[in-house]
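Below is one structure, written out as structure tokens; comments come after it.
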Amino acid sequence: MQEKEYKTSLIKVLKERKVPIKSLTAIQLKEPRLTTGFLQFAYSGSNESKGGVVSAVKDENTILFTKKELNQAKELKALIEKLQNESKVPNISQTSAADELKKFKVLLDEGIVNEEEFQVKKKQLLGI
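The sequence shown begins at 1 in the UniProt record's numbering and counts up by one.
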């Protein structure tokens, strides 16, 4: 995790925290009503604040926004959730031609396929 500090005109030091999207465990969007709204991020090892807007102001894992920025906050949340879902797509394991040939050899040895079928499959797998 990387952090950078920024000084604002409000004399408050804000930190930029970089957390991999796949590490996020929750995203909470609280729409602004009388005060500001917020996007709060939780990840393994973070301290999740549960005190509403008052706590969110002090929470380093929270982004505050106004009513004018609500649509941008919703878009950001949707984008992060989309990226999280894309990263959860299971990797389809690819077996090598050698692995397939080994499996087919076992079938030959067990008498499930004959020599001719084995040779055809072998040529197919080796691209001969």
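Every residue, glycine too, gets a C-beta built ideally from N, C-alpha and C.
How far does the beta strand (DSSP E) with residue i in it extend, from its first residue to its last?
i: Lys30; result: 24–30
i: Ile63; result: 62–65
i: Leu83; result: Segment 70–87 is the alpha helix (DSSP H) holding Leu83; no beta strand (DSSP E) there.
Look at the Cβ atom of residue i, then the Cβ atom of residue j, and state whether they are nearer than 8 Å.
i: Lys82; j: Leu29; result: no
i: Leu24; j: Gln84; result: yes
Quick check: the Cα distance between residue i and residue j, rounded to an integer number of angstroms?
i: Lys123; j: Asp99; result: 14 Å
i: residue 130; j: Leu108; result: No information on residue 130 is available, as it lies outside the stretch 1 to 128 that the chain covers here.
i: Pro20; j: Asn114; result: 52 Å
i: Gln27; j: Ser44; result: Going by the sequence as given, residue 27 is Ile instead of Gln. Rounded to whole angstroms, Ile27 to Ser44 spans 13 Å at the Cα level.
i: Ile112; j: Phe118; result: 10 Å
i: Thr95; j: Glu86; result: 23 Å
i: Glu69; j: Lys58; result: 20 Å
i: Phe41; j: Leu125; result: 48 Å
i: Glu31; j: Gly37; result: 5 Å
i: residue 159; j: Leu79; result: Residue 159 lies beyond the stretch modelled for the chain, which goes from 1 to 128, so this question has no answer here.
i: Glu110; j: Lys22; result: 45 Å
i: Leu34; j: Ser46; result: 28 Å
Which whole-angstrom value describes the C-beta separation of residue i and residue j, a residue pair presumed to lie in contact below a C-beta threshold of 8 Å?
i: Arg17; j: Glu75; result: Contact flag wrong, Cβ pair sits at about 20 Å.
Let's see if you can read the secondary structure: which residues bound the alpha helix (DSSP H) around residue i?
i: Leu39; result: No alpha helix (DSSP H) contains Leu39, which is instead part of the beta strand (DSSP E) from 37–43.
i: Asp109; result: 97–109
i: Leu126; result: 115–126
Q. Do the segment 59–78 and the segment 96–113 meet, that is, are 3 or more Cβ pairs less than 8 Å apart?
A. no
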